[in-house]
Amino acid sequence: MAEPTKKLKTSSPLIGTHNGHFHADEALAIYLLRLLPHYSSSPLLRTRDPAQLATCHTVVDVGGEYDPASNRYDHHQRTFTSTFPNRTTTKLSSAGLVYLHFGRAIIAQQTAWPLDHDNVTVLYEKLYTDFVEAIDANDNGVSSTPDAEKRFKDFGLTIASIVGDMNANRPGEALDEDALFDRASAFIGGVFAQKLHLANSAWLPARATVAKAYADRKDVHPSGRVIVLPQAGTPWKEHLYGCERDEAGTDAAAADDPSKVSYVLYPENATEDAKWRVQAVSVTEGSFESRKPLPESWRGVRDEELDGVMGADIPDGAVFVHASGFIGGHKSKEGAFAMASRALEI
Numbered sequence: 225m226a227e228p229t230k231k232l233k234t235s236s237p238l239i240g241t242h243n244g245h246f247h248a249d250e251a252l253a254i255y256l257l258r259l260l261p262h263y264s265s266s267p268l269l270r271t272r273d274p275a276q277l278a279t280c281h282t283v284v285d286v287g288g289e290y291d292p293a294s295n296r297y298d299h300h301q302r303t304f305t306s307t308f309p310n311r312t313t314t315k316l317s318s319a320g321l322v323y324l325h326f327g328r329a330i331i332a333q334q335t336a337w338p339l340d341h342d343n344v345t346v347l348y349e350k351l352y353t354d355f356v357e358a359i360d361a362n363d364n365g366v367s368s369t370p371d372a373e374k375r376f377k378d379f380g381l382t383i384a385s386i387v388g389d390m391n392a393n394r395p396g397e398a399l400d401e402d403a404l405f406d407r408a409s410a411f412i413g414g415v416f417a418q419k420l421h422l423a424n425s426a427w428l429p430a431r432a433t434v435a436k437a438y439a440d441r442k443d444v445h446p447s448g449r450v451i452v453l454p455q456a457g458t459p460w461k462e463h464l465y466g467c468e469r470d471e472a473g474t475d476a477a478a479a480d481d482p483s484k485v486s487y488v489l490y491p492e493n494a495t496e497d498a499k500w501r502v503q504a505v506s507v508t509e510g511s512f513e514s515r516k517p518l519p520e521s522w523r524g525v526r527d528e529e530l531d532g533v534m535g536a537d538i539p540d541g542a543v544f545v546h547a548s549g550f551i552g553g554h555k556s557k558e559g560a561f562a563m564a565s566r567a568l569e570i
């Protein structure tokens, strides 16, 4: 039985998606489209009726058709195999399809970078890798790990699961299905917007900071295994691994490889008397295992007791070393450097 016709009078392009239970991918896809001036005032028609979908300017996640020329962005058809450029594992969902075709324009519009600026390309790749791909993978049933059995329960706390939970009203509410979808779309869109903001305002500028610190590392310590960052809060990990890959020409890095950085020093905050941290570099970006943890005898020790354990060659003022040895602190930059230097010798 055909659904009742919904009449939406508008001069803006009408967007269509399916009704019923909604998912993270179309919630994000709709949000992304509406970031563009062309779609900023577009109404949304949620239906599975082909006749009604045919009246839509743009249709996502329904209709069984992927045809950018006619603004159709579904991925459920058996013939669909598209992935993001230079990726082979994760098929695109409706979110990935919209991002593939409109992501550069969205990033340029949101950041004020010119569309052809290299930074737009960098951020385009970054946002797909760090956010959109996970939405694609979830919708297409692609696991982030090959292990079938989880090692611990995470309570389903993923962006996709939270969006799924938003299909239901909160206690005391009586929102209709479309209103619930709008709330979910705003939620997941807000996460995307924050990811883009941080990538543009913090991660992107940090590339040059980390590259300089890496280039100067042998001026800091003759081994080249210590780098110093001048500012607190610099997102350094991804950039450091990138510098090492660029130099070595490979992704492989043994934990004890003498050409790899072991420790990163940085101030705790922006004040003149800020304490300093010495952080061990992890084996890989997502690993909790350090290439060279701070010495075992220092771990879990604090303050004056830690000064005594570390010895006279390190200035007094130690603050702590974490029980796992992945990070420690000192009241001065010189002290943090001495901790890193001594740790390299042990």
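Heads up: the sequence shown begins at 225 in the working numbering, then just goes up one per residue.
No residue lacks a Cβ here, since even glycine has one placed at the ideal position from N, Cα and C.
Computed from a prediction, not measured in an experiment: that's the story for all the values here.
Where alanine 253 falls: helix, strand or coil (DSSP)
helix
Run of the beta strand (DSSP E) containing leucine 268, from where it starts to where it stops
268 to 270
So what's alanine 472 in DSSP terms, helix, strand or just coil?
helix
Helix, strand or coil for alanine 477? Go by DSSP, reduced to three states.
Bear in mind that the predicted position of alanine 477 carries a pLDDT of just 49, short of 50, making it unreliable; the figure below should be weighed with that in mind. Coil.
Using 8 Å for Cβ pairs, my map puts glycine 559 next to alanine 542. What's the rounded Cβ distance?
7 Å
Looking at the strands, I want to know which residues DSSP matches up with alanine 504.
Tyr487
With a threshold of 16 other CB atoms inside 10 Å of the CB of aspartate 285, please say whether the residue is buried or exposed.
buried
Spatial neighbours of leucine 420 within its chain, please: CB distance less than 8 Å, with the 5 preceding and 5 following residues excluded, ordered by chain position.
Ile331, Gln334, Thr335, Leu347, Leu351
Inter-residue spacing [alpha-carbon to alpha-carbon] between glutamate 496 and glutamine 455
11 Å
Rounded to whole angstroms, what is the Cα-Cα separation between arginine 515 and phenylalanine 326?
40 Å
Would you mind reading off the limits of the beta strand (DSSP E) that contains histidine 554?
551 to 554
So, for valine 356: in the same chain, excluding its five sequence neighbours on each side, which residues have a beta-carbon less than 7 Å away from its beta-carbon?
Ala319, Gly320, Tyr323
Option nearest isoleucine 570 by Cα separation, candidates Val387, Ala439, Leu518:
Leu518
Would you mind sorting threonine 282 into buried or exposed? The rule is 16 or more other CB atoms within 10 Å of its CB.
buried
Contact belief for histidine 299 with leucine 316 at Cβ below 8 Å, rounded distance in angstroms
6 Å
Straight-line Cα distance separating asparagine 493 from aspartate 402:
45 Å
Please work out which residues of its chain come closer than 7 Å, Cβ to Cβ, to alanine 408, disregarding the five sequence neighbours upstream and downstream, and give them in chain order.
Phe246, Ala251, Val387, Met390
Taking Cβ to Cβ, would you say leucine 259 is nearer than 7 Å to isoleucine 239?
no
Quick one: using the 10 Å Cβ neighbour count with 16 as the cut-off for buried, is serine 266 buried or exposed?
buried
Whose C-beta lies closer than 6 Å to the C-beta of leucine 530 among residues of the same chain, with five residues either side of it excluded?
Ala542
Where glycine 473 and glycine 457 are concerned, what is the direct C-alpha to C-alpha distance, given to the nearest angstrom?
28 Å
Arginine 526, DSSP secondary structure in three states:
strand
Within 10 angstroms of the Cβ of leucine 339, are there 16 or more other Cβ atoms? Answer buried if so, exposed if not.
exposed
Going by CA-CA distance only, name the one from Ile412, Arg501, Glu509 that's closest to valine 452.
Arg501
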